[in-house]
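Protein chains in written order, with this note's numbering: chain A, 1 to 412; chain B, 1 to 442.
Even for Gly, the Cβ is constructed at its ideal location relative to N, Cα and C.
These numbers come from a predicted model, not from an experiment.
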């Protein structure tokens, strides 16, 4: 009965959510960042989960595990599909270099801060501390586009190039986050308390890459001949499920395998855009369900983790600031880049959530720490991000939607 | 064709290597992997089989069987059973589609035929199968010690199950062949109507058989009344659900195929839970027929709103993966041990049913004054059998544990044959009457 009620509830949430989320509602800016950017589903999850009604209890969460593998595989595949090298080559190299430098500097700054703060304030064993530091370091790299979207949808401003740079970084730095996240799994094997073993780790990596390649090949081969829209749905669903399932079976990250599959598909399959369009259409519902699940699984029972969250938030803020500063000073740009441009990259949704869910699947005992740190930091960042982005842009003016011509009337 | 073969080889080899080299956690159950494997491999197999003129769904069933424990052993029966919820989702989806395909405008045209076929085919198949099984009862070891009247009673169970059809297979073939026309309408409507009718017939027969086997009871009017009540409530609930779907389409513009599948799942779970609750608390065997609810909902959307065609079109867009998963899992759950044990008697039941269906539909078609093209071929659409029959069999086993397993072995063998032959025959019939690949009106 409980499972039934849970399914009904999650369905209703996804049903309403897929219509409301990310819409441009007339709400005060700070409130708008939380409501309708996706963050609210974490709270809904918290309300339904073990800190609230306990409707989504650990048993139900376990039965939802295959969905998480599927969802992560979907997100990874979709993310990988965006990286087609032909299009990427047309973008300025400067943008890529700035993205890479800020990403690695953020990781290099946040990871030791988390390590030392955990060593100081917690009694966790050293291996656990190292795993958490690496995982949080990689999650800290991610920048979400939600705050940028809110600003661009509601304000007019002059320096479009700076905005493009921020948008580009937010779009691409997930790739570095994922690489660093994979590094965590590479260094700290997933099965039990095994010590680092290069051969074991290489086998794990080789398996992930092989599965990614195979699933991509399957997709490419199947879509080589003429097919209907219905068949295309089968290819996508089948590939994502197959990749996610293989990840589950081999103790691998579905996010990583999905990404490799998407990356290869993006560059070898001529139906990339069609796949991208179809997958993006359902991404919202998957994302909402994942946010609810992650909220439901969250439990705050260690006070020290709030201190760690504070360190995480501050170190990430400073690291982004310093990272972009260092990167933009190393490469000359043809437009003005303020010294504090890094403040425009604080929003931390989407891919960071995917990373913490992926992490939770393999380190369930550490998931509460990871979720607490990232969720609180994410909420704080969602609150301040639009204001900080606006402070970077020249002459931002709110768009008066009443001024806009009525397109529907014109068309009539 | 080469691409499909290559794809199939790649998919299956990957899983074989994974198992052979023990690359994964062998204890870990991975429903996503099985579902992905089934979707991709069964799709390839179905497409390849289509080139030979056979229906894709036979390919899906065979692929599921081929990858299962009796051949490649890529998954166990337990693993397939763990995906039962996918079956439920698929069944709900198919029931919505079946209801949606029934347009009152078309039904009015074939109403007379439906009445003749339902009554005629039911009578001939029930009597024919019962009689032949009764004559063969000497060859069935479990009936050796039975009196003649008891043999007749058990034969009536065979007769009842033989009447059941599979609307899901019919709708899948219609969707695959884009069929439309009088023949299609008759086969689908009769299959759906039989789904309701069989429940009533089953109730009557079971209560009579109970009298002879257990030695108590009689014509159980309470059971019959409660079944009638269930059907009425199911229709009413279906109507309300249909209205809710119309509301969702009109007011919220939801991605409704996904929501509708979820609703179907909820209906199925709710019906089972309600049944369990009534049984536990009030000792009442009252379980709302969830597929009837979903069919009635689809029927309501089609006939009591202006969104019928839009509803079907959007459901059709996502139908392929659902059909693949459903039929491949049907194939995967075929227990070949049962077929090995009961194939001979199963074949006898299968043959009798086939002949009875032919005779019944021929006579009914003539009486209904259908065109010869229809009444000579309509029997081809009535062979398919699946879920409902298996559900009724489970009930037989539950009520009569002393004969249930033996009856089940023979009938499951016959149902497996119907599952494979039925879709092939229906596709052939559709082609013969020229109703495949008809462009649907907008």
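Can you tell me whether residue 327/B is buried or exposed, with buried defined as 16 or more other CB within 10 angstroms of its CB? buried
Along chain B, which residues have their Cβ under 8 Å away from the Cβ of residue 250/A? 18, 23, 24, 25
Please list, in chain order, all residues of the same chain as residue 428/B whose beta carbon is under 7 Å from its beta carbon, the five residues on each side excluded. 380
Run through the region 50-97 of chain A for me and flag every whole alpha helix (DSSP H) of 4 or more residues, listed as ranges in chain order. 58-63, 65-81, 85-90
Can you confirm whether residue 11/A, when its beta carbon is compared against all beta carbons of chain B, has any partner nearer than 9 Å? yes
Using a Cβ distance threshold of 8 Å, determine whether the region 328-335 of chain A contacts the region 80-87 of chain A, with at least three qualifying pairs required. no
Proximal residues of chain B, C-beta to C-beta of residue 231/A below 8 Å: 43, 320
Using a Cβ-Cβ cut-off of less than 7 Å, give me the residues of the region 1-17 of chain B that come near chain A, in sequence order. 3, 6, 7, 10, 11, 14
Considering only their Cβ atoms, is the gap separating residue 370/A from residue 222/A smaller than 9 Å? no
Taking the C-alpha atoms as reference points, what is the distance between residue 182/B and residue 368/B? 13 Å
Neighbouring residues, chain A, relative to residue 31/B (Cβ below 7 Å): 66
What does residue 398/A pair with, by DSSP beta-bridge criteria? 155/A
Run of the alpha helix (DSSP H) containing residue 37/B, from where it starts to where it stops: 31-50
Closer than 7 Å, Cβ to any Cβ of chain A: which residues of the region 325-349 of chain B, in chain order? none
Does the contact criterion of 3 or more C-beta pairs under 8 Å hold for the region 391-401 of chain B versus the region 318-336 of chain B? no
Evaluate contact between the region 22-29 of chain B and the region 242-260 of chain A, counting only Cβ atoms and requiring at least three cross-stretch pairs below 8 Å. yes
What residues of chain B sit near residue 70/A, judged by a beta carbon separation below 7 Å? 32
How long is the line joining the alpha carbons of residue 415/B and residue 160/B, rounded to whole angstroms? 13 Å
Comparing C-alpha positions only, which one of 92/B, 38/B, 349/B sits nearest to residue 157/B? 349/B
Output the residue ranges of the alpha helix (DSSP H) runs that lie fully inside the region 165-230 of chain A and measure 4 residues or longer, sorted by chain position. 198-222
What are the start and end residues of the alpha helix (DSSP H) that includes residue 170/B? 167-177
Using 9 Å as the threshold, is the C-beta distance between residue 195/B and residue 263/B below it? no
In the structure shown, what three-state DSSP assignment does residue 437/B receive? coil
At the level of alpha carbons, what is the spacing between residue 113/B and residue 189/B? 10 Å
Cβ of residue 317/B less than 9 Å from any chain A Cβ? yes
Would you mind telling me which residues of chain B sit closer than 8 Å to residue 224/A, beta carbon to beta carbon, in chain order? 3
Could you tell me which chain B residues have their CB closer than 7 Å to the CB of residue 241/A, listed as they occur along the chain? 32, 35, 36, 39
For the candidate residues 38/A, 75/A, 53/A, 352/A, whose alpha-carbon lies nearest to that of residue 276/A? 75/A
Cβ-heavy atom distance between residue 48/A and the ligand FAD below 8 Å? Of ligands this structure carries none, so the ligand FAD is not represented either.
From 407/B, 41/B, 17/B, 28/B, pick the residue whose C-alpha is nearest to that of residue 219/A; which is it? 41/B
Considering only their Cβ atoms, is the gap separating residue 17/A from residue 174/A smaller than 9 Å? no
Residues of its chain near residue 178/B, where Cβ-Cβ distance is below 6 Å and the 5 sequence neighbours each way are ignored: 437
Under 7 Å Cβ-Cβ, which residues of chain B neighbour residue 8/A? 266
Unbroken alpha helix (DSSP H) run spanning residue 109/B, endpoints: 104-136
Below 7 Å on C-beta distance, what does residue 214/A contact in chain B? 10, 14
Note down the Cα distance separating residue 23/A from residue 43/A, rounded to an integer number of angstroms. Unreliable positioning characterises residue 23/A in this predicted model, as indicated by a pLDDT of 49, which lies under 50. The coordinate reading is nonetheless provided below. Distance between the alpha carbons of residue 23/A and residue 43/A: 18 Å.
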